[in-house]
Amino acid sequence: MTTRAEPSPGTLPAGWPTPDDSAAAHSERLCKTLADALAENGNWMSFRDWMEHVLYSPGLGYYSAGATRFGAAGDFVTAPEVSPLFGRTLARQCGDSLAACAGDTILELGPGRGMLARDILRAMQQDETLPARYLMLDRSGTLREEQAQTLSVLPDEVRARVQWLDRLPDSPINGLILANEVLDALPVERFRREASGVQQLGVRRAGDSFGEACRAAPARLAAQVEQLEDDLGRRLEPGYVSELCPDLRPWISALSTSLQRGLMLFIDYGYTRSAYYHPERRMGTLRCHYRHRAHDDWLLLPGLQDLTASVDFTAVALAADAAGLDVLGYAPQSHFLMASGLTELLACRPPSSSSQVALTQQAKALMLPSEMGERFQALALGRNFPAPVPGFQLYNHLKKL
Ligand SMILES: C[S@@+](CC[C@H](N)C(=O)[O-])C[C@H]1O[C@@H](n2cnc3c(N)ncnc32)[C@H](O)[C@@H]1O
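In the numbering used here, the protein residues as written are 637 to 1037.
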């Protein structure tokens, strides 16, 4: 009897940090489950399903395996990891929004390590605007321990307001739903436009490795691409590769049933639809992050690197509209943070915990167009929320969506 070798996690470019033995063994285990899933499905897996497996396979996926992902020791840095000023500024926006809609609850989706929750709650306590409940729901249950550890610095009476959820709340909340860099982590389909039709991109096993493959797109995906082209008012060029997020609509629809009165605030990197599918963006927006190296080899090191795609904010607005939500605000992160008071907070913050110089550097990373300021956008959706929406008074790009 001969045994077939399992596909390997791939070869790293020269000079990149190699995973230690336990991480390598982990990736090999995930490779085996991927190979089994491919074998069960006639040696085919769509890119969407690959992304789902490598990020969220229970116990094995990038976000589900309990290893360090965020911050300097991980693979990438998010705004709450860059500076406590981000959460401090959002706290003001949260306080104003809760007051405006007489809300009592904040639900944070995808809280990662819990840094944003810590900074928001700390600042809301100082401002005496604490919500009755701060709910946290992450797709990855294994991050809870890390979140609890991060929140352990908060006083007991603040921590008592925090609750972890396994699913969306049973009764709709009055208040705020927050998600920083969560939309970009929803699995996406990859497709290629050809003159003859739409191709779905995916994976096949070729010998001892995984390889990119394609097939004629199923009718649903082909129709979604054609709908996109109708909205753009033009056909994508033959050979044009991009992504779309089929899970977005059902996700927003489910979230909308969880909000009785209040706001949803999404902050993420992305574009309006016409910029997302710009003729020059011929290879889409898919990115991989491994130990602070951004690249596009998405087959590399399954389970050990992040996969992410930019957000089509027009798609989010359309999904919100279909779910009966009001689309209330859209602005670059820099404008949103400025309108929420970041510059005042920077000026009045006592230089105790971080030096003023360090905070100024952090504020630049959050605000400068060349850093996060314009790559990231803030989108506010509402239900029964009274205008104006805090954070969008200076600048509101709604008409661009
Ligand atoms: C890029 S990380 C961002 C973490 C954190 N918000 C931050 O800014 O540092 C994405 C997080 O979203 C979580 N996530 C992905 N899809 C989710 C969903 N549908 N619901 C809740 N959390 C989700 C992931 O498990 C991960 O913790």
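From the three backbone atoms N, C-alpha and C, an ideal C-beta is built for every residue, glycine too. Nothing here was measured: the structure is a model prediction, and the numbers come from that model.
Item	Value
Buried or exposed, going by whether 16 or more other CB atoms sit within 10 Å of the CB of D844?	exposed
In terms of residues, what are the limits of the beta strand (DSSP E) holding S845?	845-852
Indicate the three-state DSSP secondary structure (helix, strand or coil) for H925 in the structure shown.	strand
Just the C-alpha distance for R797 and Y770, rounded to the nearest angstrom, thanks.	6 angstroms
Pair every Cβ in the segment 873-885 with every Cβ in the segment 1003-1010, then say whether three or more of these pairs are closer than 8 angstroms.	no
Touching or not, the segment 658-665 and the segment 855-868, by the rule of three or more beta carbon pairs under 8 angstroms?	no
Return helix, strand or coil for V824, following the three-state DSSP convention.	coil
Along the chain, where does the beta strand (DSSP E) that runs through T741 open and close?	741-745
If we ignore side chains and look at the alpha-carbon of each, how far apart do L936 and A709 end up?	19 angstroms
With H, G and I counted as helix, E and B as strand and the rest as coil, what does DSSP make of P617?	Within the shown structure, residues of the chain are numbered from 637 to 1037, placing residue 617 beyond reach of any answer.
Can we count V947 as close to ligand 1, meaning its CB is less than 6 angstroms from some heavy atom?	no
Here's a check: name, in chain order, each residue in its chain whose Cβ is nearer than 6 angstroms to the Cβ of M687, leaving out the five neighbours to either side.	P823, L943
If I follow the unbroken beta strand (DSSP E) through A815, where does it start and stop?	809-816
Cβ-heavy atom distance between Y699 and ligand 1 below 6 angstroms?	yes
Is the separation between the beta-carbon of C924 and that of H914 shorter than 7 angstroms?	no
Run the proximity test for G631: is its beta-carbon closer than 6 angstroms to any non-hydrogen atom belonging to ligand 1?	As shown, the chain starts at 637 and ends at 1037. That puts residue 631 outside it, with no answer to give.
Taking its Cβ as the centre, do 16 or more other Cβ atoms sit within 10 Å of G1018, making it buried, or is it exposed?	buried
Suppose only complete runs of 3+ residues qualify. What are the beta strand (DSSP E) ranges in the segment 723-807, listed by chain order?	741-745, 769-773, 798-800
CA-CA distance, F1028 and L981?	17 angstroms
If you follow the beta strand (DSSP E) that E879 is in, where does it begin and where does it stop?	877-880
To which residues of the same chain is Q896 closer than 6 angstroms at the C-beta, ignoring the five residues directly before and after it?	P808, N810
Excluding the five sequence neighbours on either side, which residues of its own chain have a C-beta within less than 8 angstroms of the C-beta of D685, listed in chain order?	A673, P823, G838
May I ask you to check if the CB of A958 is nearer than 6 angstroms to at least one heavy atom of ligand 1?	no
Would you list the one or two residues that DSSP bridges to V963?	L1017
Secondary structure at T944, three-state DSSP: helix, strand or coil?	strand
Take S1015 as the anchor and find which of A951, D774, G723 has the nearest alpha-carbon.	The sequence given here places Leu at residue 1015; Ser does not occur at that position. It is A951 whose Cα lies nearest to the Cα of L1015.
Specify whether the segment 750-757 and the segment 715-729 touch according to this definition: at least 3 beta carbon pairs, one from each stretch, less than 8 angstroms apart.	yes
Return the Cβ separation of E916 and P874 in integer angstroms, given the expectation that the two are a contact with Cβ distance under 8 angstroms.	Actually they are not in contact, since the Cβ atoms of E916 and P874 sit about 15 angstroms apart, beyond 8 angstroms.
Should C737 go down as buried or exposed, given a rule of 16 or more other Cβ atoms within 10 Å for buried?	buried
Thinking N1032 and Y926 are a contact (beta carbons under 8 angstroms), I'd like their distance in whole angstroms, please.	Actually they are not in contact, since the Cβ atoms of N1032 and Y926 sit about 37 angstroms apart, beyond 8 angstroms.
Looking at the structure shown, is P1026 part of a helix, part of a strand, or coil, going by DSSP?	coil
Under the DSSP definition of a beta bridge, which residues are partnered with E830?	G833
Got a sec, what are the start and stop residues for the alpha helix (DSSP H) M974 sits in?	969-975
Please tell me whether, using a cut-off of 6 angstroms, the distance from the CB of D732 to the nearest non-hydrogen atom of ligand 1 is below it.	no
Answer with buried or exposed for G847, where buried requires no fewer than 16 other C-beta atoms within 10 angstroms of its C-beta.	exposed
Looking only at C-alpha atoms, which of P938, P643, H689, S700 sits nearest to G777?	S700
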